[in-house]
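Asker:
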Amino acid sequence: DRVISLFKDDLGYEYLGDWSDRGGNSNIEEKILEVWLLRKGYSVQQISKAIYNLTSEAKNQTRSLYDNNKAVYSLLRYGVQVKVDAGENTETISLVDWKNPEENHCAIAEEVTLDRGSRERRPDIVLYLNGIAIGVLELKNSRASIGDGIRQSISNQSPEFNEWFYTTAQFLFAGNDSE
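389 is the number that this note's numbering gives to position 164 of the sequence shown; each next residue is one higher, with no gaps.
1) Terminal residues of the continuous beta strand (DSSP E) containing Ile272?
2) Just to confirm the assignment, what range does the alpha helix (DSSP H) spanning Ile257 have?
3) By the three-class DSSP mapping on this structure, what secondary structure does Leu231 have?
4) I'd like to check one pair, Leu262 with Thr393: are the Cβ atoms closer than 9 Å?
5) Using alpha carbons as the reference points, say which of His330, Lys233 and Ile350 lies closest to Leu258.
6) Among Lys265, Ile379 and Ser370, which residue has its Cα nearest to the Cα of Trp323?
7) Take the Cβ of Tyr353 as the centre, count every other Cβ of all protein chains shown within 10 Å, and call the residue buried at 16 or more, exposed below.
8) What are the residues that DSSP puts in a beta bridge with Thr317?
9) According to the Cβ coordinates, are Pro348 and Phe396 closer than 9 Å?
10) For a test of the three-state rule: what should DSSP assign to Tyr353, helix, strand or coil?
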């Protein structure tokens with residue numbers, strides 16, 4: 226609760242809620258990203274192509290988690306190249322407003338259930354930037370070592386669990402009250 230309060234009250238993140246029972250949780254919350262891109266003045270066609278390109282890079286099954294994450298980082302940092310119609314110039318769709326950081330939509334969700342058949346996992350807190358999961362926090366009680374949180378984060382990224390979710394994550398944190 227203290228960590229959620231820090232993000233909500235002190236840092237101004239929007240609280241998206243407890244997503245333990247919410248279906249379809251994703252590392253790219255398309256509706257949130259779409260609304261943010263519309264606010265930035267991009268057309269529906271540009272947004273559709275940008276989200277498609279981002280999702281394709283994040284879900285590329287021919288690459289490793291590391292390579293998918295690197296490709297997503299490049300899109301976050303430099304934008305998505307989009308051409309709406311043949312004969313038109315390619316335009317860069319920025320997924321993050323680096324020049325005006327306060328213009329980005331920062332949000333936090335807790336207990337984000339990631340369903341993989343019978344292998345369900347639930348990161349404690351996920352940080353979303355413009356609808357893209359960029360941070361995952363594993364919090365342990367004071368009796369458990371943060372090493373447990375680190376091991377859980379590593380395990381969560383394995384192919385048999387939820388590797389797909391971590392293709393957008395740029396920050397992984399583990400903590401407890403004493404470490």
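Idealized CB from N, CA, C, for every residue including glycine.
Answerer: Answer, in terms of the structure:
1) As a working note, residue 272 is residue 47 in the sequence shown. Premise fails: Ile272 lies in the alpha helix (DSSP H), Val269 to Ala283, not in any beta strand (DSSP E).
2) The count along the sequence shown starts at 1 and reaches residue 257 at position 32. Ile257 -> alpha helix (DSSP H) spans Glu255 to Arg264.
3) Sequence index remark: in the sequence shown, residue 231 carries index 6 (1-based). Helix.
4) Indexing the sequence shown from 1 puts residue 393 at position 168. Indexing the sequence shown from 1 puts residue 262 at position 37. Taking 9 Å as the Cβ cut-off, Thr393 and Leu262 do not qualify as a contacting pair.
5) What you label residue 258 is simply residue 33 of the sequence shown in a count that begins at 1. Of the listed residues, the one whose Cα sits closest to Leu258 is His330.
6) Translated into the one-based positions of the sequence shown, residue 323 becomes position 98. Considering only alpha carbons, the answer is Lys265.
7) By one-based count along the sequence shown, residue 353 stands at place 128. Label assigned to Tyr353: buried.
8) The sequence position of residue 317 within the sequence shown is 92, counting from 1. Note: Thr317 sits in a beta bridge opposite Gln306.
9) As a working note, residue 348 is residue 123 in the sequence shown. As a working note, residue 396 is residue 171 in the sequence shown. Cβ atoms of Pro348 and Phe396: not closer than 9 Å.
10) Within the sequence shown, residue 353 is the residue found at index 128, counting from 1. Three-state result, Tyr353: strand.
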